[in-house]
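Count along the sequence shown starting at 1, add 1073, and that's the number in my numbering.
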Amino acid sequence: MTLRSLIFLAVLICVVSSNRTKPPRKPLVYWEFHGSPEEFMIDINKLRRDYAKQYNVSNMHELIWDKDLEEILLSIDVTKTFYDITGPWVLCSTIGYKFVIEDVEKEFGYYQGLDEKGRKEIMDDGWSGTRIVDLLAPLQTVIACEAVAVEDKTYSDINCLLGFQSQIEVFDIDPPSMGIPGSACMEGYENDDGLCVYKKTMDISFLGTREIFMTKLNELRKKLAGENGMENMHELSWSKGLVNLAEDLEWDDSNPPNGDEFISFRIENYRNLPEILERLSNEYLEKGDDEKNAFLEGTNSTKWILSLISPFQQFLGCSKRYSLQDTHILCLIGPQLELKLKSDSSSECALGFEKSENSSFCVFKKSDSVEVTYLGHPEEFVENLNVLRKKYSKKYNVPDMNQLIWTPELSKTAEFLTWPNTSKWEDLNEKYRYTVIQSYRNPIEFLEELNEEDYEHSENHRDLEFMVPGQKMIGCSIKMENSKNFILCLMGPEGNYKLWDQKSEKSPGSECSNGFKNEDGLCIPTEKIDYFGSKIDFLDWINDLRLQYADRYQIKNMHKLIWSEELTEISNFLEFSNSRQNYSNYRTVILPSYSEFSKILEFELIDFVRMSRENRQEFLENSQNNFNLKSKEFLNPIQQFVGCSPKFLEQKSIIFCLIGNHGLFLNWDFLEISKCSKGFEKDENGICAPRELEKISFFGNFEYFLEDLNDLRRDLAWKFNISNMNFLIASSELTEISENFDFSNAANGSWRVAEIPNFEGMIPKILEKLGNWNQTENPGFLELLNPNQKFLGCSIRKQRNLESPIFCVIGNESKFELWNSHSNEIPGSNCSSGYEDFYGLCAPEGTKDSQMTSTTSSSTSIPPTEEIQMTTTTPETSPPTTPPTTQKPQKETKIPENSGESKKTRIPEKQISEVSENSENPIESSNSSICGPIFSLLVFFICIFWE
């Protein structure tokens, strides 16, 4: 069935483009007045529901916007005149989407006024403008429209395609039907106030979705395998490589495109193919042997669709082709190149597959490290390479032939490198070499004899790149050139092409490098090989350098760097840019790899340590807005966390590191600070190390944050004579709300929300916001200073906003207000019922007796929220049960004057010792050097240049 019999062009003034390049579109004039498709969809479905009720239409269905129909519209050349078009269509010239509904009602009124014969003539006449009433056809379920600019006009035409009904039927008008609106819905729909709405339980898109198609297809393959005793029926997996090939191929019925690794067929849509395929497969399986052979040997191209039930096929990739006359889907399937529909005697699964539980069905083994493709299995290929390497090792007495290990990082590097611009690959011939193959299945030839040219690198024997003894890692990726796929393989870490000594008399495998052992002539790794090196060793190197730097130059607040999985996650999420960016809680460093860190020290730090003290001071003072300080960032003593992730670029791969939790580069050389950040304490080497590792994270510790916040609220209460400033209590209920917060349903009368970047280091940010706040602005995290609030719950969002990943809910007041800056009242003297003065704050009665925190204590003992009765939004005042404290505790935070006024006030900068810092899920590492004598000499070499 062609597209013409499946859809109607309801509003069309165009012809089909002859190629697959989308025709150009003229910009709309006054596009903002045209309305939007979203508004149109709401309006048209409302209109369909209204007519269903007015005329008792029992089967009026909701219209759903369809992406496939939209693509067909975009394939049409709207620059051609509508007189060139044949087939059913209708012209609708309006200013935009806003006027379609008005036109529908107008034309339906005209249609309603005709007699039965007149209505039939209208519906049979493809030229009639009144065919816009097609938008009211009850059984149409999908639609797409496009607003198209009209030449020399200020209005636009709205062109629409509808499906799936090929013969339009409008509901009975006179007399109206006696049906109940919404009572005769199709499968997958349900009645919603007279309109049959989609339940999203089935695929109703025009061409269907490949995800649902693949699920149904594998269910059918599994079913057929069980019913017909096919012991090695394989699960079909979607192949991006085949998709890329399909997009560049054209279908020809007389000569279907086929290749060395696939066969092809075309289908009309994904939607109903599983049902058609099951019918065709049953018909085939019921045939006799002679009939089966005749069918398979026939010339009917549709037979190739049955390759979808071939037990040996493993990969499928398809591409949708859009045009008004011939929309279809071109599919490629592999690796079986013949139509073989019965199982063989073997019951084993192919490499990369395994038997499913309680079934003989061979399911695909998912792997994060190896991508199995239609071109074969990388692990099988590497296994065969190592057999050859061992063979060469024994034949030519190679003492150091290493086993090749599949390395995901090299595979990813190969995936992102631009082909064929090999001259721009920055690490080529330094960290790796390359060669190309056509398939993992093609065996590499063993050369019985090598000539002199082979030892110098022969273009005739490129496969010898796989035999370089010093290579230890391999990674490959599918590339495309001239509409054909091939495989690009990188081998490392050797950058030079160097084979073996032709006259060697040494024993094979007798000179394996450290970390490798001889196993039958091949050097096998005894520990994990990482292309970028060990991040644990990298972290130890950094902390060793920080220890020696702090010891030599008497830095009293040097913190031990902790590996942060949270920073690693952020690093992985961030788009890499060569231009450094300013982040509030971290700074960036780029490394070529972890293992090359010691080399970086030599090249990037030597000039810095050669500077005189005065020049270093000037350099650091001028570095406030410099985001390109490279490895010098690792010397900043107040940074506590580091997290890195690999980034794969068009010319190279790198390690992208974030160091936190400070976004500013402070002049640490001249800060006379000896205090560790909260949660850290001096270890035996004088380095600030975590007191309790489980409480340290990059985002900080909520308990410490709450303690600091209550200290600040108390300081504000004394500074501005606030009589009703409450002591904030941790709330598990509000924490749960913050974890599941839905902005679309945020209306609530008993709490407010605030987003913050971090738990630690927030006090200076709150003070800065307070000093510069204009009352017309959003209060932001000043919500945390509302005197009437009593409870707080915060959580780190799973889908994080990078600037403010922590979401807090504050209760139980729905109104934001601060305080009267000219008050003369006594702090803690105006507490609500059930609360008492607690050194200037209003805390639940009995707080003093339970010895909750004072301003000089180091921990907070917070009663659970469940034990405290949450009050109403307006606190009731009552005489305090205990006389208010008239003396403020000793600890004080620098507070801006006139905080309650709109006038902006500059906040004096707090010393860093007063600001709590933060941490995260770390990898433990020692402060002692593990890098051996080479690294120690390097540190010594750097230090002797200092002053």
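Every residue, glycine too, gets a C-beta built ideally from N, C-alpha and C.
- Per DSSP, P1330 is not a residue of any beta strand (DSSP E), being assigned neither H nor E.
- For C1596, the beta-bridge partners assigned by DSSP are N1475, N1591.
- With contact defined as three or more Cβ pairs closer than 8 Å, the stretch 1372-1381 and the stretch 1333-1342 are in contact.
- Three or more Cβ pairs drawn from the stretch 1251-1261 and the stretch 1129-1138 lie within less than 8 Å of each other, which places the two stretches in contact.
- Taking each of G1299, N1301, K1295, L1318 in turn and checking the Cα distance to E1308, the smallest one comes out for K1295.
- The DSSP-derived three-state label of V1215 is strand.
- In this structure, the alpha-carbon of I1602 lies about 15 Å from that of F1611.
- Nearest neighbour of I1478 by Cα position, chosen from P1830, S1637, P1566, turns out to be P1566.
- Taken through DSSP and simplified to helix, strand or coil, S1804 comes out as coil.
- Three or more Cβ pairs closer than 8 Å define a contact, and the stretch 1900-1918 meets that threshold against the stretch 1782-1794.
- At the C-beta level, I1663 and C1730 come within 9 Å of one another.
- When the Cα atoms are used, W1492 and E1554 turn out to be separated by approximately 8 Å.
- Straight through space, the alpha carbons of N1885 and F1714 are spaced by roughly 35 Å.
- Listed in chain order, the non-local C-beta contacts of K1703 below 7 Å within the same chain comprise V1662, E1677, local neighbours out to five positions each way being set aside.
- Bounds of any alpha helix (DSSP H) do not take in I1899, whose DSSP letter is neither H nor E.
- A straight-line Cα-Cα distance of about 9 Å links S1312 and Q1387.
- Looking only at L1801, P1830, L1397, L1187, the smallest Cα-Cα distance to C1915 is reached by L1801.
- By the Cβ rule, the stretch 1759-1769 does not count as touching the stretch 1887-1896, because fewer than three pairs are nearer than 8 Å.
- Note on geometry: alpha-carbon atoms of Y1395 and K1140 lie some 11 Å from one another.
- Listed in chain order, the non-local C-beta contacts of K1467 below 8 Å within the same chain comprise P1581, G1594, local neighbours out to five positions each way being set aside.
- Going by beta carbons, E1482 and G1407 fall outside the 9 Å limit.
- Out of E1189, N1470, E1323, S1718, the CA that lies nearest to the CA of K1485 is found in S1718.
- Contact between V1173 and L1209 is ruled out by a C-beta separation of about 12 Å, above the 8 Å threshold.
- When the alpha-carbon of E1648 is set against those of G1853, K1720, I1879, the nearest one is in K1720.
- R1825 and F1864 have their alpha carbons spaced roughly 11 Å apart.
- Between the stretch 1745-1763 and the stretch 1521-1535, the count of Cβ pairs shorter than 8 Å is below three; the stretches do not touch.
- For I1879, the enclosing beta strand (DSSP E) covers residues 1879-1884.
- For K1171, no beta strand (DSSP E) run applies, since DSSP gives it neither H nor E.
- For I1115, the enclosing alpha helix (DSSP H) starts and ends at 1110-1127.
- If you check the CB distance, R1344 and L1280 come in under 9 Å.
- For G1252, the secondary structure class from DSSP, reduced to helix, strand or coil, is coil.
- Of all alpha-carbon atoms in C1404, L1520, N1847, K1365, the one lying nearest the alpha-carbon of F1286 is that of C1404.
- Around the C-beta of M1564, 16 or more other C-beta atoms lie within 10 Å, and the residue is accordingly described as buried.
- Excluding its 5 nearest sequence neighbours in each direction, I1382 has C-beta neighbours in its own chain below 8 Å: L1293, R1294, L1297, L1350, S1354, L1414, listed in chain order.
- For A1762, DSSP records a beta bridge to E1754.
- For F1681 against K1705, the beta-carbon gap comes to about 6 Å, under 8 Å, which counts as contact.
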